[in-house]
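Have a look at the structure below, then the notes.
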Amino acid sequence: MFYYNIPVLVFKKVGLTPKECINEQKKSRGVNYFHLGNLDPMAEGLLVLIPFAFRFLEGFLKNFKKEYYFSVLQGISTDSHDLLGLIINYDVNCSRITDKNFKEIIEKIKKQRLQSPPKISYKNLNTQNKRINFLNGINLPNLPNKKVCIYSFDYIGHKVVHKNRLMSYIRANFRPLKNDFRQKEIFEKYKSLYTKFPENFIIYDFRVKVSSGFYIRSLVR
Numbered sequence: 001m002f003y004y005n006i007p008v009l010v011f012k013k014v015g016l017t018p019k020e021c022i023n024e025q026k027k028s029r030g031v032n033y034f035h036l037g038n039l040d041p042m043a044e045g046l047l048v049l050i051p052f053a054f055r056f057l058e059g060f061l062k063n064f065k066k067e068y069y070f071s072v073l074q075g076i077s078t079d080s081h082d083l084l085g086l087i088i089n090y091d092v093n094c095s096r097i098t099d100k101n102f103k104e105i106i107e108k109i110k111k112q113r114l115q116s117p118p119k120i121s122y123k124n125l126n127t128q129n130k131r132i133n134f135l136n137g138i139n140l141p142n143l144p145n146k147k148v149c150i151y152s153f154d155y156i157g158h159k160v161v162h163k164n165r166l167m168s169y170i171r172a173n174f175r176p177l178k179n180d181f182r183q184k185e186i187f188e189k190y191k192s193l194y195t196k197f198p199e200n201f202i203i204y205d206f207r208v209k210v211s212s213g214f215y216i217r218s219l220v221r
């Protein structure tokens, strides 16, 4: 029926890719969609799917502001700047960042107008050949800086998480992944470093409202 051939708003769960969300909607509605914006596999949230017949709406809808809630794990750095990445550095002695420090950091970041997208991102991995090359160890190219705007940036608070709970969280969120995102190799790296990790990690929670094309992982980096 015609009412199926309209833009839809779907909730993307952790572990799914936007493409998998499109395939689910195509199967149930029989409509070919493309997604507006992107959400990483480890992210969840609302995703706008637009039928190709409504492609003229893309430019208009892209102008809307986006709001994200995200958390930062202190003490571990990965090559993708999120949990779905290989650990490249870790610090067992980092101390909690104070609220005063965060206010200074946030004010400094809010002034930034150019953002460098992460190498490990949809733009560099949007074809099967690119994914295969990446998984085979071929380096990804740098992406050009993009003009962005941060409209609001709020620090919500922090929590302390035991390393056992962190490992359980990672394992549970890797389980739904259907594609090869190196998750086996990544989790083995976490396990190999487990005894060297501190007993507890600090996680900081934030809320931002940003322009289209903004990368939270670049902000975290």
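So the sequence shown is numbered by the UniProt record's numbering: it starts at 1 and just counts up by one.
Glycine included, every Cβ here is placed at the ideal spot set by N, Cα and C.
Can you tell me which of K178, S152 and H35 puts its alpha carbon nearest to the alpha carbon of E67?
S152
Could you tell me which of K196, F206, Q183 and I216 sits nearest to I76, measuring between CA atoms?
K196
Among K65, F54 and R96, which one has its Cα closest to the Cα of V72?
R96
If the criterion is Cβ atoms closer than 8 angstroms, does the pair P117 and K147 meet it?
No, the Cβ-Cβ distance between P117 and K147 is not below 8 angstroms.
Where E199 and H81 are concerned, what is the direct C-alpha to C-alpha distance, given to the nearest angstrom?
Rounded to whole angstroms, E199 and H81 show a C-alpha spacing of 22 angstroms.
Can you tell me which of the three DSSP states Y90 falls into?
strand
Consult DSSP for N133 and reduce its assignment to one of helix, strand or coil.
helix
Give the range of the beta strand (DSSP E) segment to which F60 is assigned.
It is not in any beta strand (DSSP E) - F60 instead sits in the alpha helix (DSSP H) that spans E58 to L61.
Does DSSP put Q183 in a helix, in a strand, or in coil?
helix
Do L36 and I50 have their CB atoms nearer than 8 angstroms?
yes
Between the region 186-195 and the region 97-115, do at least 3 Cβ pairs fall closer than 8 angstroms?
no
Is it buried or exposed for Q25, if we count other Cβ within 10 angstroms and need 16 for buried?
buried
Given this structure, state the Cα-to-Cα distance separating A53 from L61, to the nearest angstrom.
Cα-Cα distance, rounded: 15 angstroms.
Please state whether the Cβ-Cβ distance between N140 and I120 is less than 8 angstroms.
It should be noted that the sequence gives Leu, not Asn, for residue 140. Contact: yes.
Note down, in chain order, each residue of its chain lying with its Cβ closer than 6 angstroms to the Cβ of L219, except the 5 sequence neighbours on either side.
Spatial neighbours of L219 in its own chain (CB-CB distance under 6 angstroms, excluding positions within 5 residues in sequence) are not present.
Quick one: what's got a C-beta closer than 7 angstroms to F70's C-beta in the same chain, skipping five residues either side?
F206 and I216
My understanding is that F201 touches L177, with C-beta atoms under 8 angstroms, so please give their C-beta distance in whole angstroms.
That belief does not hold up - the Cβ atoms of F201 and L177 are roughly 22 angstroms apart, past 8 angstroms.
Are V161 and I105 touching if we call contact CB-CB under 8 angstroms?
Taking 8 angstroms as the Cβ cut-off, V161 and I105 do not qualify as a contacting pair.
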